[in-house]
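Accompanying notes for the structure given below.
Numbering (this note's numbering), first residue to last: 5 to 203.
Written out as structure tokens, the structure is:
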């Protein structure tokens, strides 16, 4: 019996086309959930009365992975993660203490502003040209908070309701991460593949 490893699973998937077909279907469904940043203009998203549920900053690999993610519930009930990548600054002036959803009033992508020019000039003095840097600005209704994310681009991932978990204190967190599909497949196929032997 071959030990159950990722490599062994890959070998078994090749040996069993039906399993491979199911994986392709799952991957296709996963792709259908997300839309790339090229497909949607940031300003055209249905921001008004959408709810800001979560903000996550990832600097786990500084210089290579500098991202800000926000979790948004749109007016139609769909939930999306918007990941701003190649971030250079984040400014947030947020007000708390109001018992209401953090509904969004407006959001826009700025390509020219005084703050953008300051950041670009600071980096230019260090030899980095940030001509593609943008300011993604979110202004909320409930608390009149203002969030400015200075990043080169963004991507959107849509989630089904079952992909979102509410933890006891009411904070909403996304279960979807880069390897989530693979973990799901390993868990789902483990019992099916374990009794089989590799040839």
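Every residue gets a Cβ at the ideal spot worked out from N, C-alpha and C, and that includes glycine.
Beta-carbon proximity check, residue i vs residue j, cutoff 8 Å
i           : j           : result
residue 107 : residue 144 : yes
residue 77  : residue 57  : yes
residue 147 : residue 100 : yes
Boundaries (first-last residue) of the beta strand (DSSP E) holding residue i
i           : result
residue 204 : The requested residue 204 is not part of the displayed model; the chain covers only 5 to 203.
residue 118 : Where residue 118 is concerned, there is no enclosing beta strand (DSSP E), although the alpha helix (DSSP H) it sits in stretches over 118-128.
residue 142 : 138-144
residue 154 : 150-163
residue 109 : 106-114
residue 100 : Where residue 100 is concerned, there is no enclosing beta strand (DSSP E), given that its DSSP letter is neither H nor E.
residue 60  : 55-65
Per-residue burial, residue i [other beta carbons within 10 Å of its own, 16 or more giving buried]
i           : result
residue 103 : exposed
residue 182 : Low confidence applies here, because residue 182 scores a pLDDT of 39, under 50, leaving its location unreliable; read the following figure in that light. That one is exposed.
residue 128 : exposed
residue 149 : buried
residue 126 : exposed
residue 122 : exposed
8 Å contact criterion, which residue i and residue j should meet: CB distance rounded
i           : j           : result
residue 69  : residue 62  : 6 Å
residue 163 : residue 110 : Contact flag wrong, Cβ pair sits at about 23 Å.
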